[in-house]
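In my numbering, the protein residues as written are 52 to 268. Positions of the beta carbon are idealized from the N, C-alpha and C atoms, including for glycine.
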Amino acid sequence: MDMANASVGRFLGTALAAALLLLLTGCEDDGAADAAEGGATVVVAPGRPGEKARTLTPEQAARERPDDSPNAADHAYVRNMTEHHRQALAMSALAPDRAAADGVKRVAERIAAAQAPEIGAMDKWLTRHPAPAPAPGSHDHAAMPGMATPQQLEELRGAEGVDFDRLFLKLMTAHHEGALKMAGEALAQGNNVAVEEMATEVVATQSAEIHRMRAMG
């Protein structure tokens, strides 16, 4: 699925999903008005740009909803981002005892507050949408964009005060930049609406945090 087709599909899927929630008893469309007067439930499905809306029965609207079954890109994103988030939580957990600047401690708190619930949401998604486990040795979590190396983590654990602050901001900024790359790939290649929403949230939250950390660095 290329970016253009994915965008059109998401637009139609979002519009139709919204329409399914809009159960009307009256409408300016003559057919919809007649149906409403007869006691029938009608659904107004917004058309493409420049096209008129259509009046559908709930059954017709359900049949026309696009298939958002998870694909390989969706499963890879959720599986990998879960591990990516876990490293961010491990790094953030060091800040209360080692950071010198209150601002660094607050950034770490925000990261933990945002990413711990996101891990929970992704774990639930994987439970609802199980996929075959990758073959042993077929995936290296350390190769994901932005991941700190074992040596960098050891250095961070041994740092204190301003040295910790400097290294934490450097590593976490790179970590967030890697997450943005992963989220962008999911938005371009994935098919599932829930994964799209999770990736969009990552982009919004972590872009703001990158801006804060760069200002502090």
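Three or more beta-carbon pairs separated by less than 8 Å are not found between the stretch 207-222 and the stretch 169-179, which leaves the two stretches without contact. Shown here, Ala199 sits in coil according to DSSP, grouped into three states, outside any helix or strand.
Cβ neighbours of Arg149 within its own chain (closer than 7 Å, five residues either side excluded): Ala210, Glu211 and Phe215. Note on Gly241: 16 or more other CB atoms within 10 angstroms of its CB, so buried under the neighbour-count rule. Taking a cut-off of 8 Å on C-beta distances, the stretch 222-229 touches the stretch 134-150, as three or more cross pairs fall below it.
Bridge partners of Val158 according to DSSP: none are assigned. Under DSSP, Val95 takes part in a beta bridge, and its partners are Thr106. For Asn243, there is no enclosing alpha helix (DSSP H), as DSSP marks it with neither H nor E.
For the set Gly197, Pro196, Val246 and Leu222, the Cα lying nearest the Cα of Leu207 is the one of Leu222.
Burial state of His262 is exposed, judged by a 10 Å Cβ sphere holding fewer than 16 other Cβ atoms. Close CB contacts of Leu145 within its chain, under the 7 Å cut and outside five residues either way in sequence, are with Leu207 and Arg208 (chain order). When DSSP states are grouped into helix, strand and coil, Ala164 belongs to the helix group. In this structure, the CA atom of Ala234 is about 16 Å from the CA atom of Ala194. An exposed status is given to Asp153, since fewer than 16 other beta-carbon atoms sit within 10 Å of its beta-carbon.
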